[in-house]
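Written as structure tokens, this is what we have:
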């Protein structure tokens, strides 16, 4: 272990990355991830604590009548018609929005602290950083100490189960430069982002009550990103999310029928078919899935059998950073406005990894599902009646057309 | 039967409404629905045929090289990871868009024909109408005569089933006034829209290969409505849509467990709880479901056990029109910009009715799911990572808060 591996909770530690844990003023967990051999952040943490006079995050709050009421912890209710759990987080109504037409706050809470800056509510105590991770100040899921998470019923009717939404929501800042795009970050910095995903997966897997860890990135004001700073999130659900449940059902049924792993066989079938493979390196294959539902969709699968991000070895992490970088750059070039300059593509990058405890996890396999709502330089695909009302996606293109466009943008072999 | 009931295909006919069938120049079905005792439309149809020189819609087309190729009929592929069928309709890429920033066409193809108008590609041949229904010119699902709908495989790999998307897509124009909002239409006109939903449900149920009929309304440029004219659509899927499949699984399991009908028991439980009931009349109950996932969501259920819209009797149709009208008006008043004037609410109105053939249909029950993406006067809920990537909805509000706001807007008893 190098000098960098200062933080070894539950054996989690990597070379090349220094992880420095701290707490924000309201008690939330905060981690600095340094990839620079020089100290960039965290070392000064003892002196540079979060200077805000924030109340303990689970403290009682004042209601409209000025009375003290318990912290409005998010609860969730189970929809009897679909079986889905719906977390309800009314505190999120008031979160700051600094991007787009509904902006309610100035300043950037994800920037490093600048003493003298008029924005006094930044989340990063230190004055510089590489990558930071912290618990969301406005979580849609969180465990509140000493609060029971037993199932009860809405209106005492067993049709309507409810319980505390005892999950966890974290934010990952990819870089201190608030105007940078993830596509423009050096591969070495994206490598640290991969490390952040792996670190949080390893650590959060040990937290009681969490069933699925979902690292993702929302990018672009067109899809409602409320903070322009380059960042991603980790949602940790106390249930198997509906889409993952659907996938587990199919990977499990496939295994029972054939003895094989569906996701591995899909990857190999795409390699055999070749037409929809858009990128390859030593550790990863990227392809447009044969039944793609989005106007731009790419799945990225590891060559080796891997269940979760934290199982990736060092080579696979570097190769992933390289492929992610190339994917983002080509994504930005995908839609041509006619000036050959490409555009800042709005996208969602969704990590599908094996759930923590569900026994079906063994027949799943790690994969990244990357997609965009954009369907032309000046057009967005909206999720209207068919998609939002019936979950029936309609594509206006074909996977082969998407792949053809990617092939115009660079070689398949990126190693 | 009154004089109005001129069209009696498969016994479908109603008093008060005159249905006049015709065909558009490219062979698509077109229906005039008159609610005015005077002839408004259709009677002149023999003289006023569609004047456009359109080719037969399934005719061969010219490709980029100028060669004749078969009509690019939409196909669909089955996603092996989720089991979902994804229709792929490349012809829709070029459909005209007359609303919003990506507008590609001027004129309004849903307006009645105005001789002398520069827009020469209108869909309505007659010079006036009440309500019209016609097959979508750019369907994402359609049966092409003599084209096989057998299952084959993408790249000959049985992992990837594909077949023709032999469904049907129809458009319903609610009123000839292109600037009118559905919320401002008289109840008598909305009554004709109900009739249109019922008429199409009854007729299309007889078409081979259709499994589910989904009347819906997308309203508002914010959710990507490409034509501002007040209109709805009917999507007829050759499969059970994923959301309906999920609901059928739960209604069936509930019936097996309790002998009851889940949707009926939910309605009665909402009536017992009372807090979330927002409207009632003789035939319908509207409530915010106890696990609502949208920032504004109302479900509307018939008091009587009804499986599909065409089973509604005359009183129920009138009462539905009255409730729909009140729902739309209160929806527009829901978000206060501070000037007390309300706003044109973007919404999706999704009809969930029993599927046509699936044996689980008997334990389902008709219901309308009405919801909006709007979460404040100046804020939209976007379907980002959790919703789009994992189908895990997060609510920023509670059903009780939604209902409370509705209660401020008018009495529950609207009969």
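Residue numbers (our numbering), protein chains in the order written: chain A, 1 to 415; chain B, 1001 to 1415. Ideal Cβ placement from N, Cα and C applies to all residues, glycine included.
CB contact flag (residue i, residue j, <7 angstroms)
{"i": "residue 1235 of chain B", "j": "residue 1129 of chain B", "result": "no"}
{"i": "residue 1402 of chain B", "j": "residue 1285 of chain B", "result": "no"}
{"i": "residue 1238 of chain B", "j": "residue 1167 of chain B", "result": "yes"}
{"i": "residue 124 of chain A", "j": "residue 112 of chain A", "result": "yes"}
{"i": "residue 171 of chain A", "j": "residue 136 of chain A", "result": "yes"}
{"i": "residue 1159 of chain B", "j": "residue 269 of chain A", "result": "yes"}
{"i": "residue 190 of chain A", "j": "residue 283 of chain A", "result": "no"}
{"i": "residue 1251 of chain B", "j": "residue 246 of chain A", "result": "no"}
{"i": "residue 1213 of chain B", "j": "residue 1201 of chain B", "result": "yes"}
{"i": "residue 374 of chain A", "j": "residue 346 of chain A", "result": "yes"}
{"i": "residue 182 of chain A", "j": "residue 328 of chain A", "result": "yes"}
{"i": "residue 1115 of chain B", "j": "residue 1165 of chain B", "result": "no"}
{"i": "residue 1178 of chain B", "j": "residue 1229 of chain B", "result": "yes"}
{"i": "residue 1299 of chain B", "j": "residue 1367 of chain B", "result": "yes"}
{"i": "residue 1053 of chain B", "j": "residue 1060 of chain B", "result": "no"}
{"i": "residue 1271 of chain B", "j": "residue 383 of chain A", "result": "no"}
Which residues DSSP lists as bridging residue i, in chain order
{"i": "residue 131 of chain A", "result": "A:33"}
{"i": "residue 1022 of chain B", "result": "B:1030"}
{"i": "residue 1413 of chain B", "result": "B:1280"}
{"i": "residue 225 of chain A", "result": "Paired residue(s): none; residue 225 of chain A is not in a bridge."}
{"i": "residue 1352 of chain B", "result": "B:1367"}
{"i": "residue 1055 of chain B", "result": "In DSSP, residue 1055 of chain B forms no bridge with anything."}
{"i": "residue 376 of chain A", "result": "A:379"}
{"i": "residue 1062 of chain B", "result": "B:1068"}
{"i": "residue 112 of chain A", "result": "A:124"}
Anticipated Cβ contact below 8 angstroms, residue i with residue j, distance rounded
{"i": "residue 1390 of chain B", "j": "residue 243 of chain A", "result": "5 angstroms"}
{"i": "residue 385 of chain A", "j": "residue 1218 of chain B", "result": "5 angstroms"}
{"i": "residue 392 of chain A", "j": "residue 335 of chain A", "result": "In fact, because the Cβ distance is near 25 angstroms, the residues do not count as touching under 8 angstroms."}
{"i": "residue 1017 of chain B", "j": "residue 1195 of chain B", "result": "5 angstroms"}
{"i": "residue 1319 of chain B", "j": "residue 1264 of chain B", "result": "Not quite, the Cβ-Cβ distance comes to about 18 angstroms (not below 8 angstroms), so this is no contact."}
{"i": "residue 58 of chain A", "j": "residue 144 of chain A", "result": "5 angstroms"}
{"i": "residue 142 of chain A", "j": "residue 173 of chain A", "result": "About 20 angstroms separates the two Cβ atoms, so there is no contact after all."}
{"i": "residue 41 of chain A", "j": "residue 126 of chain A", "result": "4 angstroms"}
{"i": "residue 1330 of chain B", "j": "residue 1409 of chain B", "result": "4 angstroms"}
Three-way DSSP call (helix, strand, coil) for residue i in this model
{"i": "residue 1088 of chain B", "result": "strand"}
{"i": "residue 1010 of chain B", "result": "Residue placement at residue 1010 of chain B is poorly supported in this model, since its pLDDT is 44, which falls under 50; the coordinates still yield a value, given next. Three-state DSSP puts residue 1010 of chain B in a helix."}
{"i": "residue 395 of chain A", "result": "strand"}
{"i": "residue 1334 of chain B", "result": "helix"}
{"i": "residue 220 of chain A", "result": "coil"}
{"i": "residue 1390 of chain B", "result": "helix"}
{"i": "residue 1232 of chain B", "result": "strand"}
{"i": "residue 1151 of chain B", "result": "coil"}
{"i": "residue 999 of chain B", "result": "Any answer about residue 999 of chain B is impossible in this case: the structure gives chain B only from 1001 up to 1415."}
{"i": "residue 317 of chain A", "result": "helix"}
{"i": "residue 1 of chain A", "result": "Since pLDDT at residue 1 of chain A reaches only 31, below the 50 mark, its modelled position is unreliable, and the value read off the structure follows with that caveat. Here residue 1 of chain A sits in coil by DSSP."}
{"i": "residue 347 of chain A", "result": "strand"}
{"i": "residue 68 of chain A", "result": "strand"}
{"i": "residue 419 of chain A", "result": "With chain A covering 1 to 415 only, the question about residue 419 of chain A has no answer from this structure."}
{"i": "residue 215 of chain A", "result": "strand"}
{"i": "residue 1408 of chain B", "result": "helix"}
{"i": "residue 208 of chain A", "result": "coil"}
{"i": "residue 1081 of chain B", "result": "coil"}
{"i": "residue 39 of chain A", "result": "coil"}
{"i": "residue 1323 of chain B", "result": "helix"}
{"i": "residue 1144 of chain B", "result": "coil"}
{"i": "residue 1288 of chain B", "result": "coil"}
{"i": "residue 1202 of chain B", "result": "helix"}
Boundaries (first-last residue) of the beta strand (DSSP E) holding residue i
{"i": "residue 249 of chain A", "result": "No beta strand (DSSP E) contains residue 249 of chain A, which is instead part of the alpha helix (DSSP H) from 242 to 258."}
{"i": "residue 1372 of chain B", "result": "1367 to 1372"}
{"i": "residue 1172 of chain B", "result": "1168 to 1173"}
For residue i, the first and last residue of its enclosing alpha helix (DSSP H)
{"i": "residue 296 of chain A", "result": "Note, residue 296 of chain A: premise wrong, no alpha helix (DSSP H); beta strand (DSSP E) at 296 to 302."}
{"i": "residue 270 of chain A", "result": "262 to 273"}
Residue i: contacting residues in chain E (beta-carbon distance under 9 angstroms)
{"i": "residue 1369 of chain B", "result": "No chain E appears in this structure, whose protein chains are A and B."}
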